[in-house]
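In the working numbering, the protein residues as written are 119 to 239.
Take a look at the structure set out below.
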Ligand code: HEC
């Protein structure tokens, strides 16, 4: 009886391990920066990088990320640095929520937010 239970438990353990490995393999793929942005940044910075008036009244210093002049000054690495360390009291660090790869993916996505039309004279 005990031996059978042990075997059964072994099976469950193997199944859990398989699922965990599967998840780890999935996580090892390039993270989806756009999805991560919608999940972690949208609430404050807006779906397209333009914050809502309501958010601006809460956080007056909130940046419009969809601004090519602003983004031109920020490299992908410096965006990652903002995510890693935070910026002021309101923009909290994401180091405990996002992996280095995820921060890089979000930063790359942020760089795509600038509307190309603002390049026009
Ligand atoms: C709780 C609201 C909030 C969330 C969530 C948030 N931010 Fe911010 N973010 C801010 C505020 C407020 C500022 C302005 C901080 C300041 O300049 O004092 C800011 C500033 C920034 C800046 C500009 C920093 C600079 O150099 O001036 C970047 C880039 C940025 N956020 C990216 C992100 C990304 C990417 C995410 C998602 C991973 C995110 N933010 C999530 C509130 C938020």
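For glycine and all other residues, C-beta sits at the position ideal for the given N, C-alpha and C.
Problem - 8 Å CB neighbourhood of residue 150 in its chain, flanking five on each side removed - result: Contacts found: 223.
Practice task
Would you mind working out which of 231, 220, 233 sits nearest residue 154, comparing C-alpha positions?
Solution key: Among 231, 220, 233, the Cα nearest to that of residue 154 is on 220.
Problem - Residues bridged to residue 221 [DSSP beta-bridge criterion] - result: Per DSSP, none; premise fails for residue 221.
Problem - Between the CA atoms of residue 163 and residue 170 - distance to the nearest angstrom - result: Using only the alpha carbons, I get a separation of about 8 Å.
Problem - Proximity to residue 152 [Cα-Cα], best of 232, 228, 233 - result: Among 232, 228, 233, the Cα nearest to that of residue 152 belongs to 228.
Exercise for the section: Report all residues from its chain with a CB closer than 6 Å to the CB of residue 236; omit the five preceding and five following residues, and keep chain order. Expected result: Unreliable positioning characterises residue 236 in this predicted model, as indicated by a pLDDT of 48, which lies under 50. A coordinate reading is not provided.
Practice task
With hydrogens ignored, establish whether the beta-carbon of residue 163 is closer than 7 Å to any heavy atom of the ligand HEC.
Solution key: For residue 163, the CB falls within less than 7 Å of some heavy atom of the ligand HEC.
Problem - Other residues of its chain near residue 226: CB distance less than 6 Å, five sequence neighbours each side excluded - result: Only 151, 194 meet the Cβ criterion.
Practice task
Could you name the residues that DSSP lists as bridge partners for residue 209?
Solution key: Bridge partners of residue 209: 205.
Handout entry: Distance between residue 174 and residue 238 (C-alpha atoms, nearest Å)
Key = The predicted model places residue 238 with a pLDDT of 43, which falls under 50 and marks its position as unreliable; any figure quoted below should be read in that light. When rounded, the distance between both Cα atoms is 27 Å.
Practice task
Mark residue 232 as exposed unless 16 or more other C-beta atoms lie within 10 angstroms of its C-beta, in which case mark it buried.
Solution key: Buried, by the Cβ-count rule.
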